[in-house]
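Step one of this worksheet: look at the structure below.
In structure tokens form, the structure reads like this:
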């Protein structure tokens, strides 16, 4: 049916060049573009006027913050912290013999043993919090990959549970011997 309509319209245009048919729907659309020999200055002015008429997308400040936002951001930040620390230590470990640093296990254990208690606890918290949160939130994401826990209430509960469990595990790790 569509091919017949296209053929008829083409035939009408061939027979009567002044006869214009504007078919409705998705068939054939003829859009005549108005062109003029304007300069670049007028073109940029027209573009600037059109930009003023465009709708402005809403900013994040108009939305109510949710645990999913913070959880996603914190998961990415902890990933950067953990992978960045791994890369920095790995490069330092490889460069240590050349630079004369002693990053072997016995010398590192002796150096950390000389630290005061508050420094050891702070270092454990600085390493433990990103590690535990990223691991627990990774388990959340693995359950989502399987298709479990997509209910809004479940997502909120597991988000807060990941925060609480990572805080508890970090404190346990920081203050255990």
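Numbering (the numbering used here), first residue to last: 4 to 180. Ideal placement from N, C-alpha and C gives every residue a C-beta, glycine not left out. None of these values were measured; they are calculated from a predicted model.
Asked: DSSP-derived helix/strand/coil call for residue 180; Found: coil
Asked: Minimum length 4: unbroken alpha helix (DSSP H) runs contained in the stretch 32-84; Found: 43-56
Asked: N- and C-terminal bounds of the alpha helix (DSSP H) containing residue 151; Found: Note, residue 151: premise wrong, no alpha helix (DSSP H); not H, not E.
Asked: From 69, 94 and 135, residue whose alpha carbon lies closest to that of residue 155; Found: 69
Asked: Alpha helix (DSSP H) runs wholly inside the stretch 108-147, at least 4 long, in chain order; Found: 108-116
Asked: Beta-carbon proximity check, residue 144 vs residue 81, cutoff 8 Å; Found: no
Asked: Distance cut-off 7 Å: residue 91 Cβ against heavy atoms of the ligand ZN; Found: This structure lacks the ligand ZN; in fact it carries no ligand of any kind.
Asked: Beta-carbon proximity list for residue 124, same chain, < 8 Å, skipping 5 on both sides; Found: 177 and 178
Asked: Contact the stretch 159-177 vs the stretch 117-136: 3+ CB pairs below 8 Å; Found: yes
Asked: Simplified DSSP assignment, three categories, for residue 103; Found: coil
Asked: Spatial distance of residue 167 from residue 139 (CA atoms); Found: 10 Å
Asked: Neighbour flag for residue 118 against chain D, beta carbons, 8 Å; Found: Absent from the structure: chain D. Only one protein chain is present.
Asked: Contacting residues, own chain, Cβ-Cβ under 8 Å from residue 152 (five flanking each side not counted); Found: 143, 146, 158 and 161
Asked: Integer-rounded CB distance, given that residue 135 should sit under 8 Å from residue 77; Found: Not confirmed; about 12 Å, so no contact.
Asked: C-beta contact flag for residue 85 and residue 95 at 8 Å; Found: no
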